[in-house]
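Enquirer: Input: one structure, supplied below.
Numbering (this note's numbering), first residue to last: 107 to 195.
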């Protein structure tokens, strides 16, 4: 359980990247498009979270919930790490 909690916290920390992205949007976007860009960015994150929740819920009906939670955390952590490394390039 402690490992699962740590992975969940780490994968959830990926949403903290939003704090670093938000200030970049006004600098890279014309004023007329800023509102639209924020909307698209936020809806993309919300959609991804919804899809991940639905997939995890469906998997939890077929497999042990603890296994599904652990796998979800590892996948989430992997995605966050991959995005972090990609963003550094």
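We put the CB at the ideal spot given by N, CA and C, even for glycine.
1) Contact check, residue 179 vs residue 110 under 8 Å by CB: the rounded distance?
2) Is residue 116 closer than 8 Å to residue 183 when the C-beta atoms are compared?
3) In chain order, what residues of the same chain have a beta carbon less than 6 Å from the beta carbon of residue 113, not counting five sequence neighbours either side?
4) Taking only three categories from DSSP, how would you classify residue 136?
Expert: With the given structure in hand:
1) 6 Å
2) yes
3) 179, 183
4) coil
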